[in-house]
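Going down the list, the sequences are from chains Z and A.
Using this note's numbering, the letters of the first sequence map in sequence onto residues 1 to 113.
Using this note's numbering, the letters of the second sequence map in sequence onto residues 114 to 226.
Step one of this worksheet: look at the structure below.
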Amino acid sequence: GENVEQHPSTLSVQEGDSAVIKCTYSDSASNYFPWYKQELGKRPQLIIDIRSNVGEKKDQRIAVTLNKTAKHFSLHITETQPEDSAVYFCAASIAGGYQKVTFGTGTKLQVIP
Amino acid sequence: NAGVTQTPKFQVLKTGQSMTLQCAQDMNHNSMYWYRQDPGMGLRLIYYSASEGTTDKGEVPNGYNVSRLNKREFSLRLESAAPSQTSVYFCASSEGGSDLGYTFGSGTRLTVV
């Protein structure tokens, strides 16, 4: 089955700096890579996703890059703000009639004011 | 529009007791999932239902059973609770097809003593 590894497990940055979270996946058939943000005590929420036919996707201060050859993808957050503090999960799946997602173990991001 | 509703939010069980976690979605999604979340281990899939009338095992199915009662509802049952099942449980749903993102419920914090 699919295996997703995520690094680092914790990340502290100063407000205004950038944060980068990296993930690798094992199944070359995976073609859909979502990122979820989970604030303390809340449910995970989809913040951005990328499909295998795209190398990069941006949405305001967040961006995701995908390297299919190396089987890794990354989340980039620029100009970090205290409200970005949360646990971020990467995931990989094979899109089809339905999709079963495999999650990474999460990165706890702390933005220091 | 409630999205995905889980009940109960909190539960304490004694070892050997049984209980059912309820999940309902009002988005007409085809697929539904049960995950458990443990510190340092991310989200692990227990069972999923690709469509009404079907259920399949995920990564950690032992000790659990599920029922896809109809398109809206997907319940998770613990027949004989064990301390190892202490966790936060999330139900999720997805439409499938081109809309691949998960919508999560608010979670159930279960403690087995």
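Backbone N, C-alpha and C fix where the C-beta goes; we use that ideal spot for every residue, glycine too.
All figures in this text were calculated on a predicted structure; none of them were measured in a lab.
- Legend: CB atoms of the region 18-44 of chain Z lying less than 9 Å from CB atoms of chain A belong to residues Y32, P34, Y36, Q38, G41, K42, R43, P44.
- The beta carbon of A:L213 falls within 8 Å of a beta carbon belonging to chain Z, placing the residue at that interface.
- Taken through DSSP and simplified to helix, strand or coil, Z:E79 comes out as coil.
- It is roughly 12 Å from the alpha-carbon of A:Y202 to the alpha-carbon of A:Y160.
- By the rule that beta-carbons nearer than 8 Å mark a contact, A:G153 touches chain Z.
- Short of 6 Å from the beta carbon of A:T216, and not among the five residues preceding or following it, lie these beta carbons of its own chain, in chain order: G116, V117, S206.
- For the set A:Q198, A:P196, A:R222, A:Q119, the Cα lying nearest the Cα of A:M145 is the one of A:Q119.
- The C-beta of Z:K108 comes no closer than 8 Å to any C-beta of chain A.
- Counting only Cβ-Cβ distances below 8 Å, A:S180 has no contacts in chain Z at all, with the closest Cβ about 18 Å away.
- Partner residues in the beta bridge of Z:T24, as assigned by DSSP, are Z:E5, Z:H72.
- C-alpha of A:Q124 to C-alpha of A:H142: approximately 27 Å in a straight line.
- Residue contact with chain Z for A:Y202: absent (no Cβ-Cβ distance below 8 Å to any residue of chain Z).
- For a Cβ distance threshold of 7 Å, residue set K100 of chain Z lies close to A:Y161, ordered along the chain.
- Following the DSSP letters along the chain, one finds Z:K37 inside the beta strand (DSSP E) bounded by residues 32-38.
- When 9 Å is used as the limit between beta carbons, Z:T10 is near no residue of chain A, the shortest such separation being about 11 Å.
- Contacts with chain A at 8 Å (Cβ-Cβ) do not include Z:A63.
- Taking the Cβ atoms as the reference, Z:K108 lies roughly 5 Å from Z:T10, within the contact range of under 8 Å.
- Taking Z:D84 as reference, the option from Z:F103, Z:N53, Z:E39 with the minimal CA-CA separation is Z:E39.
- Taking all protein chains in view, the Cβ of A:L182 is surrounded by fewer than 16 other Cβ atoms within 10 Å, so the residue is classified as exposed.
- If you look at Z:E56, you'll find it in the beta strand (DSSP E) that goes 56-59.
- For A:A137, the enclosing beta strand (DSSP E) stretches over residues 132-138.
- A check of alpha carbon separations from A:K170 across A:P196, A:A137, A:L189 identifies A:L189 as the nearest.
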